[in-house]
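See below for the structure under consideration.
There are 4 protein chains.
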Amino acid sequence: MLLRLRRALPAPQLEAILGLASELGYRTSFLDSGSEFLRLEGSGRPDHRSLFEDLVGVAAVLESDNARERHERAPGQPDTQVRVHGGRFGGKELSLVAGPCAVETWPRLLEIATAVRARGATLLRGGAYKPRSSPYSFQGLGEEGLEMLARVRAETGLGIVTEVLDPRDVEKVGEVADMYQIGARSMTNGPLLTEVGRTRKPVLLKRSFGATVREFLLAAEFVLAQGNTQVVLCERGIRGFDKITRNLLDVGAIAYLKKATHLPVVADPSHAAGRADLVRALARAGIAAGADGLILEVHTDVSEVHSDGAQAITPDAFEEIARDTAALAALDGRRLVHFELSKALAS
Amino acid sequence: MLLRLRRALPAPQLEAILGLASELGYRTSFLDSGSEFLRLEGSGRPDHRSLFEDLVGVAAVLESDNARERHERAPGQPDTQVRVHGGRFGGKELSLVAGPCAVETWPRLLEIATAVRARGATLLRGGAYKPRSSPYSFQGLGEEGLEMLARVRAETGLGIVTEVLDPRDVEKVGEVADMYQIGARSMTNGPLLTEVGRTRKPVLLKRSFGATVREFLLAAEFVLAQGNTQVVLCERGIRGFDKITRNLLDVGAIAYLKKATHLPVVADPSHAAGRADLVRALARAGIAAGADGLILEVHTDVSEVHSDGAQAITPDAFEEIARDTAALAALDGRRLVHFELSKALAS
Amino acid sequence: MLLRLRRALPAPQLEAILGLASELGYRTSFLDSGSEFLRLEGSGRPDHRSLFEDLVGVAAVLESDNARERHERAPGQPDTQVRVHGGRFGGKELSLVAGPCAVETWPRLLEIATAVRARGATLLRGGAYKPRSSPYSFQGLGEEGLEMLARVRAETGLGIVTEVLDPRDVEKVGEVADMYQIGARSMTNGPLLTEVGRTRKPVLLKRSFGATVREFLLAAEFVLAQGNTQVVLCERGIRGFDKITRNLLDVGAIAYLKKATHLPVVADPSHAAGRADLVRALARAGIAAGADGLILEVHTDVSEVHSDGAQAITPDAFEEIARDTAALAALDGRRLVHFELSKALAS
Amino acid sequence: MLLRLRRALPAPQLEAILGLASELGYRTSFLDSGSEFLRLEGSGRPDHRSLFEDLVGVAAVLESDNARERHERAPGQPDTQVRVHGGRFGGKELSLVAGPCAVETWPRLLEIATAVRARGATLLRGGAYKPRSSPYSFQGLGEEGLEMLARVRAETGLGIVTEVLDPRDVEKVGEVADMYQIGARSMTNGPLLTEVGRTRKPVLLKRSFGATVREFLLAAEFVLAQGNTQVVLCERGIRGFDKITRNLLDVGAIAYLKKATHLPVVADPSHAAGRADLVRALARAGIAAGADGLILEVHTDVSEVHSDGAQAITPDAFEEIARDTAALAALDGRRLVHFELSKALAS
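Chains as they are written, first to last, in this note's numbering: chain A, 1 to 347; chain B, 1001 to 1347; chain C, 2001 to 2347; chain D, 3001 to 3347.
Here's what the structure looks like:
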């Protein structure tokens, strides 16, 4: 590691830094006569960077080569591929997650699942527990919704991606989910992240609309630190000052993440756009920026949707996006994983 | 209530709206020939607005007069005053919460508590459970920290404001806390809000740095909906594009909240500024905009602080702010509640 | 047009609205009994929407069908194609603008121009007048720079895109430029927009990093209103709270603009990224979202660049982007216009 | 000066830095063995910092003690006081600028001017040239408006603050204005800033809603660099993601500016709030954060206003703010300068 210390550091602060380094087994040397750049040599661990950053005398950790955090991509390190039932994210493979915002009724759920499976999805999204801004809004069907998800999984073979909101529900949701979804509102929920980290089930982690990329990566680190290595990062748009789209899809973050971490990255153009007519363009932009897949809100009767209705797209619009994804992936020698999409799609 | 419906509404969506209105006991009438403005008459309840907002056909709820949410201030409704041990927020009274970011050692905690009590604080802040960006950062002393808080409360008479992060800790933290703090990272944590709502203990709810004011008020509503009426809102700065201050203290939100809700509002100039030299000016701005108190990070040895060090102020700097607060409050016929601040302060 | 008026409008405000409508030759009728929705029938003009928006009693102009502003795309209206020397933007054709941030020396300029011409650019960018944050920074070579641009145009056949900052320089810059660049800092400079609007030379208009899309379109309208129809809109990133990239490339705005206006749209991934290693990914995202071309900062000796150095890419990196652009365009049945790019590129 | 150079700097970049230092007459020495911190000794000039910042090899200018820019406050340097006709900004004196958004009719202008003069204003604002988002909106009365301003100045004794938009109008506007206003949309207009810098008339410079504080200060430097030392900085709110207020009044920036620069700072609560009912609270917050005055939109018939109507306050609301300002100023030993405000106000 290479630390930049604050200039003109009081002696106790300097001693705290050197003491911690010694305790953790590092050899220390200053690069400069001004005692500003401190090199730590020895074999470190992923938690060391944060331990030093916590000290008031440390201005910044400039290099963390011998103490990389678990999400960090070492030079030359290949992508981690996360496999979720029929879906695969990362490496040269992309997958699509599609489905309704919330689980509503059994016939509707089956109809949507069948439709998206036939058009390129390997994973079904659908909330049984919905995080809502208002305590009075529909909070999901709960256990009844979970049962429907289990049944649709059995009938269609689609893997299930569903949200968990409460650390006390992790076990129960895990009985049905193939992949936990951690929503944007939960990205900063340390106890929840820790609890899903204790499982060995894949996690789709959404970026909070107010979070920096560093904070997003550290949220993933909460899961990884518990030994669960199956994290997929999801960029879903951040807050901006204009209202043309609900959020700003941060394609720069997607591009940056593909370099900074070995974890797969997907985009959520539905929540970024907040309006159905712009979802396809944002989906394309996300894949072109490097994303390993998409999560999309799809519904078979758009006029009936209970929440987030304006952004749900039809199955046919979803198929167009699946075709776009396959074509864009092919330009990079990547391929879209899917069940039964027409031969024309296969790269 | 007055609803604005989407124009050219499909029949099933209109029926869904009229059906819900009928089910909830409202008489309905359109204000206009275009069936866009729907008046609902009858006696409503606080949850009705969200029920209508959830329907796709409802563009906006323009008036909620007969179905006000619990946080809303009715015309002429006085401030709710929240009393916390020696502190009182709202009405004509202001209080100051001061203390370290995290509970560290017993001597230090006692020293800080004694210092802030003598200079104008009635409540002590200090985290036993700290929400951190990194899983490897100091997460607080936990139960040991709670014990120290109980002891310092007994020795000084200060009320304790301390954070709860996990719904499973609400009971345990509540044995020590006079007021739960819900941090900015937990504002969107519905299960946690619900759990503190089930208690009858005051709650200091911080605004997430990415949340709109409407979302902030609805987070309070999660607590209020459970029957806990003792919520104090805390504006602590939102994310901005400049790095002069860590966050932007949204004084416009403070001013707006004092009109829109009957709940007390306090400002956190420490987290907004992120640097000690600007805390006083932001504290003054917050009070001048209408805040009912402040929460401030104070430490007796600034060079030793474990986290958020750069923003902690000294007890003497805190005393200046207490004097400012008393003087500003007096201009409006308000007063600062305190234990032993010098007579000069009393309005 | 369809206006939404403020509710409970005082009589003089209502009269002002009806009076203006009458003066402009519209027949008026209220859609609703509440006098909130006012329909204006008759043949309008592009300036009418703003005249009504200026009135205090008008809450919003909901439809402007019979009085579209000049930038608005009518239903079914095809793209306006802007032709600039060898470049063409819009319709099914894309073009690339490439070159240094500022004109520095003649050999360097010629070297860069030759390199980008051979790799897919039809237009050369390069500032003779540079808008800078500091009065003491290099402001460009001025007339000497213009002379070099004229010379490099003659020698390479590339069209010249160069910035004009001052309304008093419009004529002088126009003697050399094939296309005026209006920088992000000048998007709100009405006198300058008016002055370039009086010419008949194409204008590349950059979005201010703090502007809404509506403000951006109205800036274009300043040019169009003077009779100059050759405007290309350039999204170059807006201000955000994270510093991973210098700005946020707003791909949602690109997608929206392609629907809302008939004017061509290009992306500037160099200024959005602010770092060379992410330029390619943002370039791809911009094209995939629908952009009609790119403007890129390219330099042959990156270590020597005077300003904005960290974001300049090499000619070889530019060629990769040109190949990406051609391949992405081909997926949509579009093509990249270029001089001599290898056959493999041609769609 | 103290420079931090980029690490592992190529030789030509290092030579460029040392060469410039030598050319400008500095003695150079590295603080560290890693050649990262370069001390420049000797007597510098205000333009030197930007010259070094322009070099690619310079990561940051850490100290500019011997080459301070003109806006920077040297240790212990008192406030610059800017005097404008009857108004004085800075030091221990505050002034209020009030008036309509735009000059409309002579009777209305006289009425407003008389009203604000009697209630605490020493300066009248009012635009003859209005910067508008749309080319079709009312752009002001132009020369006719200037004539009315000259006449109202003669009749009331109020100083005139009015906007100049175009460098070609500086002379003409200067014949009437006691203080040029540079609007937020013109903050990045270098030619305009340079032109008003060539005069010796005070300048009220508004911060662009998308500008960092550093960019704001450098805009002031454009004026100062021409020898015009009479600049008052105006914080008027920046863009945010919520729509409760039109903009975010950045009180942290006000507090920071009072430390970083010797120039006076005023707040514009009208444009920040964008709604009359919150103007008073924001005015108070601005003064409490340290502002040396306010600029406020006041109108005698709010229902009649042509632009920005919703934020204009009545003369009586203005008087409340004047009284607040006087009282808040008195708490710091400062005073409000005014013509005829009642004795009760005088500190």
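Don't be surprised by glycine CBs; every beta carbon is placed ideally from N, CA and C.
Note the first and the last residue of the continuous beta strand (DSSP E) segment covering L1003/B. L1002 to L1005
Residues near G1034/B by beta carbon distance below 8 angstroms, same chain, minus five either side: R1007
Could you tell me which uninterrupted beta strand (DSSP E) segments, each at least 3 residues in length, are contained entirely in the region 158 to 218 of chain A, listed from first to last along the chain? 159 to 163, 179 to 182 and 203 to 206
Chain C within 9 angstroms of F1339/B, Cβ atoms only: no
Are the beta-carbon atoms belonging to L3002/D and R3045/D less than 9 angstroms from one another? no
Chain-ordered neighbours of K92/A on chain C, where CB pairs are closer than 8 angstroms: Those within 8 angstroms of K92/A in chain C number zero; the least Cβ separation is about 17 angstroms.
Between which residues of its own chain and P3264/D is the CB-CB distance below 6 angstroms, once the five residues before and five after are set aside? V3082, F3089, G3090, V3232 and D3292
Using DSSP with H/G/I as helix, E/B as strand and the rest coil, what is K3343/D? Note that K3343/D scores 42 on pLDDT, short of 50, meaning its location in the model is unreliable and no value can be drawn from it.
How about E2249/C and A2273/C: do their beta carbons lie closer than 9 angstroms? Residue identity differs from the one stated: residue 2249/C is Leu in this sequence, not Glu. A contact, by the Cβ cut-off of 9 angstroms.
In chain order, what residues of the same chain have a beta carbon less than 7 angstroms from the beta carbon of I2254/C, not counting five sequence neighbours either side? E2235, V2265, A2267, G2286, A2289, G2290 and A2291
N- and C-terminal bounds of the alpha helix (DSSP H) containing F1030/B: Premise fails: F1030/B lies in the beta strand (DSSP E), R1027 to F1030, not in any alpha helix (DSSP H).
Flag this pair as yes or no: are the beta carbons of Y3129/D and D3178/D separated by less than 9 angstroms? no
Alpha carbon to alpha carbon, how far is I1182/B from F1209/B? Give it in angstroms, no decimals. 13 angstroms
Can you tell me which of L2124/C, T2080/C and A2115/C puts its alpha carbon nearest to the alpha carbon of L2096/C? L2124/C
Pick helix, strand or coil for A289/A, following the three-state DSSP scheme. coil
Taking only the alpha-carbon atoms, compute the straight-line gap between V84/A and A330/A and give it to the nearest angstrom. 22 angstroms
Just to confirm before moving on: does the CB-CB distance between L2062/C and I2017/C stay below 9 angstroms? no
Compare the C-beta of E3053/D against all C-beta atoms of chain C and say whether one is closer than 9 angstroms. yes
Among the candidates K3243/D, G3197/D and D3277/D, whose CA atom is the shortest distance from the CA of E3320/D? D3277/D
Should E2155/C go down as buried or exposed, given a rule of 16 or more other Cβ atoms within 10 Å for buried? exposed
Identify the contact partners of A1225/B in chain A, using a Cβ-Cβ distance below 8 angstroms as the criterion. P135 and Y136
So with Cβ pairs under 9 angstroms, would you call T245/A a contact of chain C? yes
Rounding to the nearest angstrom, what Cα-Cα distance links D2032/C and F1037/B in this structure? 9 angstroms
Express the C-alpha separation of A220/A and T1325/B in angstroms, rounding to a whole number. 42 angstroms
Could you tell me the alpha carbon to alpha carbon distance between A2344/C and H299/A, rounded to whole angstroms? Residue placement at A2344/C is flagged as unreliable, the pLDDT there being 42, under the threshold of 50; a coordinate-derived value is accordingly withheld.
Taking 9 angstroms as the CB-CB limit, is R1323/B close to chain A? no
Taking the alpha-carbon positions, what's the A3098/D to R1200/B distance? 49 angstroms
DSSP-derived helix/strand/coil call for A3267/D: strand
To the nearest angstrom, how far is it from the Cα of A230/A to the Cα of L1149/B? Sequence check: residue 230/A is Gln here, not Ala. Those two C-alpha atoms are separated by around 39 angstroms.
From this set, S2270/C, A2260/C, K2092/C and V2213/C, which residue's C-alpha is nearest D242/A's C-alpha? V2213/C
Quick one: which chain B residues come within Cβ less than 8 angstroms of D2032/C? L1031, D1032, S1033, G1034, E1036 and F1037
Kindly list, in the order they appear in chain C, the residues whose Cβ is closer than 9 angstroms to that of S3064/D. The premise fails here: S3064/D is roughly 12 angstroms from chain C at the closest Cβ pair, so nothing lies under 9 angstroms.
Using a Cβ-Cβ cut-off of 9 angstroms, state whether I3160/D counts as contacting chain B. no
Does the Cβ of Q2311/C have 16 or more other Cβ atoms within 10 Å, making it buried, or fewer, making it exposed? buried
Looking at C-alpha atoms only, which residue of L2294/C, G2076/C, L2193/C and G2159/C is the closest neighbour of A2260/C? G2076/C
Residues of the region 2207 to 2234 of chain C with a CB closer than 7 angstroms to any CB of chain D: list them in chain order, please. S2208, F2209, G2210, E2215, L2218, E2221, F2222 and A2225
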